[in-house]
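Before any comments, here is the structure.
Residue numbers (our numbering), protein chains in the order written: chain G, 33 to 423; chain U, 1254 to 1544.
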């Protein structure tokens, strides 16, 4: 059923169809309306066999899900920004404990200064935490990836937390036409959660043991192995989605014009739509530019990225975050995938803290790189002149 | 398989293990345990050497109450509530300091959980650092008795009143000196639906500087001096206290422990002892402890 809805509802409706057993929530802009929608469904009795609870903090919400997930429940929460940072101790713990908690992170800038607006600084903080991370471009993609997140996270070969990233405001608050999934199709795609082990008095097990040096490292190797296996499981789930639902979002990455592009532009999240549009226009003008949309960020699809970028002389990455003291985190990762190759490499951090990224700015940055008018390396885009106060 | 042990690594005379065993036996092992990081967790949950004969989870230092709430919700959602009760074991630091937020949330939402605070009055797992439940004048490594300061400044946080203020159905204190009291209260708590808070005084031989044989006598003296009143609240009302036959001066409790020994020589020691006696007298009057 095709409806014009906001991003919040696209997520909440898909969560409902995924039939979680426990939802724990704490409000934070621009996520709040996801859990408000779920709360409304709960209050109206639409969430069958589900317990919904408002926690005392994001830290509490994530901790509740640790207990629930270990007991064998399918679990969901949503957060972003400061909330994600507050949750981070628990989420890293959940990754180590191999608990398949699914969360939607509505990407938002970090304080200070306080900003409720969009960039990717929050999720990048958890880059190394053992969570599967994907980024979506549209509300339809967010809607579709919710059941997929449960399926992949709960796969016995994986058993990892799954963070679905969608841009705060840009997607959450946007009205877009979305083909809403129905119960029949989601049930066909997503089986009920059957945990390989769980807390039960019938077979009492110890969860969250401590590991001295003689056995700690193997747990971390197992975590890395699970992430490696998650690559294959995700790839298969992306394909299966297309088979069951009929919509094809591609694999870990989606490349346009990669075969003959001299310049490949790399983008992740909601910015990608506009970048694609610009690239099509530049193509029509005869410029050999192409696009690489990164969907899976963890596990990092290094081979797919290398294959897509191998023919280009120039790479341009649009960053939505900064690794302060170095450069943009996506650029760092993409360069590692290109090790041994030596294309010219450019990156622009744009739209931090919700700064508007106008179309003409995207055109200028791409054509400046294409025509050789900027130096290689890391740049900020769309910054107005200002003076720092240094005393 | 027993509910707890053998094979745990606690010190001989450890108060925590006495309390834990009695709680589990009172519940006949029909329970799920959520344990905060700390002494009990470290001595019992090493990989391949778990001492637990009941389903057990340890997540972090400060979230055992929230994890327990999650277990409760999952059991409800999955229609498995018959499997057993949910019990938290958390230390005094995990309860009164770092985990007080998640604890407050769990109590406020009134989850069907028995929260046991194992109160050994400092961060004893890491070697006796001061917590909110450390009593006045106690010598800890993070507020040691020095030439200027006589150990902890300020009194023991009143977690019992804080728990009562949440309007939960059952709050009690107990002590390893009276294991049948622990069992009775846990059994009673198990019959009550909603959040239950039980704070158990559990001496720590290394942190307190007592001999392993002194665990029960020192816990008993804490009660007999009225420094650790044993009380019971139902629905916010004080319903029962353990009466003291012949109340003893606080010095008798203080002098047997290394953590208080400096009070007898420190220039400010007498002042602290007088204040501790005043706290004990207040407790006796407030709870009508004297026979």
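Ideal Cβ placement from N, Cα and C applies to all residues, glycine included.
Shorter than 7 angstroms, the distance from the beta carbon of residue i to the closest heavy atom of the ligand GTP, or not?
| i | result |
| --- | --- |
| residue 402 of chain G | Among the ligands in the structure shown, none appear at all, so the ligand GTP cannot be discussed. |
Kindly indicate which three-state DSSP category residue i falls into: helix, strand or coil?
| i | result |
| --- | --- |
| residue 148 of chain G | coil |
| residue 1483 of chain U | coil |
| residue 177 of chain G | helix |
| residue 1325 of chain U | helix |
| residue 87 of chain G | coil |
| residue 502 of chain G | Look at the range of chain G in this structure, 33 to 423, and you will see that residue 502 of chain G is not part of it. |
| residue 1398 of chain U | strand |
| residue 1286 of chain U | strand |
| residue 139 of chain G | strand |
| residue 1270 of chain U | helix |
| residue 344 of chain G | coil |
| residue 1419 of chain U | coil |
| residue 1515 of chain U | helix |
| residue 36 of chain G | strand |
| residue 1364 of chain U | coil |
| residue 1461 of chain U | helix |
| residue 1332 of chain U | coil |
| residue 1377 of chain U | coil |
| residue 1257 of chain U | strand |
| residue 307 of chain G | helix |
| residue 296 of chain G | strand |
| residue 337 of chain G | helix |
| residue 1491 of chain U | strand |
List the residues of chain G that residue i touches, going by C-beta distances under 7 angstroms, in chain order.
| i | result |
| --- | --- |
| residue 1362 of chain U | 85 |
| residue 1403 of chain U | In chain order: nothing, as chain G lies at least about 35 angstroms away. |
| residue 1281 of chain U | Correct list: empty, because the minimum Cβ distance to chain G is about 11 angstroms. |
| residue 1569 of chain U | Since the first residue shown for chain U is 1254 and the last is 1544, residue 1569 of chain U is missing from the structure and cannot be characterised. |
| residue 1415 of chain U | Per Cβ cutoff of 7 angstroms: no residues; residue 1415 of chain U is ~14 angstroms from chain G at best. |
Residue i touches chain U at which residues, Cβ-Cβ below 7 angstroms?
| i | result |
| --- | --- |
| residue 74 of chain G | Ordered by position in chain U, no residue passes the 7 angstroms Cβ test against residue 74 of chain G, which lies about 12 angstroms from the chain. |
| residue 121 of chain G | 1313 |
Give me the DSSP bridge partner(s) of residue i.
| i | result |
| --- | --- |
| residue 1263 of chain U | Residue 1263 of chain U is not bridged to any residue. |
| residue 288 of chain G | G:323 |
| residue 1369 of chain U | U:1342 and U:1451 |
| residue 108 of chain G | G:55 and G:134 |
| residue 328 of chain G | G:166 |
| residue 1543 of chain U | U:1497 |
| residue 185 of chain G | Per DSSP, none; premise fails for residue 185 of chain G. |
| residue 1410 of chain U | Paired residues: none, contrary to the question. |
| residue 1276 of chain U | Per DSSP, none; premise fails for residue 1276 of chain U. |
| residue 412 of chain G | G:381 |
| residue 1296 of chain U | According to DSSP, which records beta bridges pairwise, residue 1296 of chain U is partnered with nothing at all. |
| residue 350 of chain G | G:380 |
| residue 1425 of chain U | U:1451 and U:1485 |
Check whether chain G comes within 8 angstroms of residue i, counting only Cβ atoms and requiring the distance to be less than that.
| i | result |
| --- | --- |
| residue 1285 of chain U | yes |
| residue 1303 of chain U | yes |
| residue 1538 of chain U | no |
| residue 1443 of chain U | no |
| residue 1299 of chain U | yes |
| residue 1367 of chain U | no |
| residue 1355 of chain U | yes |
| residue 1278 of chain U | no |
| residue 1316 of chain U | yes |
So, is the C-beta of residue i closer than 8 angstroms to a C-beta in chain B?
| i | result |
| --- | --- |
| residue 70 of chain G | Protein chains G and U are contained in the structure displayed, whereas chain B is not. |
Measure from the C-beta of residue i to each C-beta in chain U and report whether the shortest distance is under 8 angstroms.
| i | result |
| --- | --- |
| residue 232 of chain G | yes |
| residue 134 of chain G | no |
| residue 112 of chain G | no |
| residue 219 of chain G | no |
| residue 88 of chain G | yes |
| residue 228 of chain G | no |
| residue 238 of chain G | yes |
| residue 100 of chain G | yes |
| residue 242 of chain G | yes |
| residue 60 of chain G | no |
| residue 81 of chain G | yes |
| residue 197 of chain G | no |
| residue 115 of chain G | no |
| residue 125 of chain G | yes |
Starting from residue i, find everything on chain U with Cβ-Cβ shorter than 8 angstroms and list it in chain order.
| i | result |
| --- | --- |
| residue 54 of chain G | 1323, 1326, 1327 and 1330 |
Chain G partners of residue i, CB-CB under 9 angstroms?
| i | result |
| --- | --- |
| residue 1295 of chain U | 242 |
Checklist entry - Counting only runs that start and end within the stretch 190-274 of chain G, where is the alpha helix (DSSP H) found for 4 or more residues in a row? => result Correct list: 215-221.
Next on the checklist: Suppose only complete runs of 4+ residues qualify. What are the alpha helix (DSSP H) ranges in the stretch 385-409 of chain G, listed by chain order?
Outcome noted: If we require 4 residues or more, the alpha helix (DSSP H) runs fully inside the stretch 385-409 of chain G come out as 391-402.
Checklist entry - Of all the alpha helix (DSSP H) runs that stay within the bounds of the stretch 358-384 of chain G, which reach a length of 4 or more residues? => result Counting only runs of 4 or more, we get 361-369.
Item to check | Completely contained beta strand (DSSP E) runs for the stretch 58-84 of chain G, where each covers 3 or more residues | outcome: Those beta strand (DSSP E) runs which fall completely within the stretch 58-84 of chain G and span 3+ residues do not exist here.
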